[in-house]
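Report on the following structure.
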Amino acid sequence: MVDKRRRFFLSKYLPQLAGKAIASFQDGVKSAEEEETFEKFFESYKSSHALTLAYPDEIVLDSARKAGIETEGREKSEIVKELLKKRGSR
Numbered sequence: 092m093v094d095k096r097r098r099f100f101l102s103k104y105l106p107q108l109a110g111k112a113i114a115s116f117q118d119g120v121k122s123a124e125e126e127e128t129f130e131k132f133f134e135s136y137k138s139s140h141a142l143t144l145a146y147p148d149e150i151v152l153d154s155a156r157k158a159g160i161e162t163e164g165r166e167k168s169e170i171v172k173e174l175l176k177k178r179g180s181r
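Our numbering applies: residue 92 is where the sequence shown begins, and numbers increase by one.
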């Protein structure tokens with residue numbers, strides 16, 4: 092007689108676990124790619140220049156202070172980067 096629990100494990104449960112593992116791996120890869128793209132955007136002044144110019148300094152600084160971000164002695168691009176990270180806009 093065949094053990095039905097073993098058959099279930101091999102035919103249903105194991106493929107289901109493999110599918111979940113693959114999906115989680117793909118989500119991790121996608122998240123890492125998004126993080127890399129986000130970081131690359133702020134690596135150079137040329138790429139982030141338009142974003143930092145789009146908003147007046149006072150609006151950026153006020154938004155950062157409200158979000159609890161330290162602004163003293165920091166570049167505007169650093170503040171914007173941290174603000175976007177904190178707000179989940181990446």
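Every residue gets a Cβ at the ideal spot worked out from N, C-alpha and C, and that includes glycine.
Proximal residues to residue i (C-beta, below 7 angstroms), its chain only, five neighbours per side dropped
i	result
Thr-143	Lys-167, Ser-168, Val-171
Phe-133	Ser-139, Ser-168, Lys-172
Asp-148	Lys-167
Supposed contact pair residue j and residue i - C-beta distance, whole angstroms, cut 8 angstroms
i	j	result
Ile-160	Leu-174	6 angstroms
Contacts around residue i, its chain only, beta-carbon distance under 8 angstroms, and the 5 residues preceding and following it disregarded
i	result
Ser-122	none
Any non-hydrogen atom of the ligand COA within 7 angstroms of residue i CB
i	result
Asp-94	For the structure depicted, the ligand COA is absent and the ligand set is empty, with no information on it obtainable.
Three or more beta-carbon pairs under 8 angstroms between the region 147-162 and the region 118-138, yes or no? Three or more beta-carbon pairs separated by less than 8 angstroms are not found between the region 147-162 and the region 118-138, which leaves the two stretches without contact.
Ignoring anything shorter than 4 residues, give me the alpha helix (DSSP H) runs that lie fully in the region 142-170, in order along the chain. Listed in chain order, they are 148-157.
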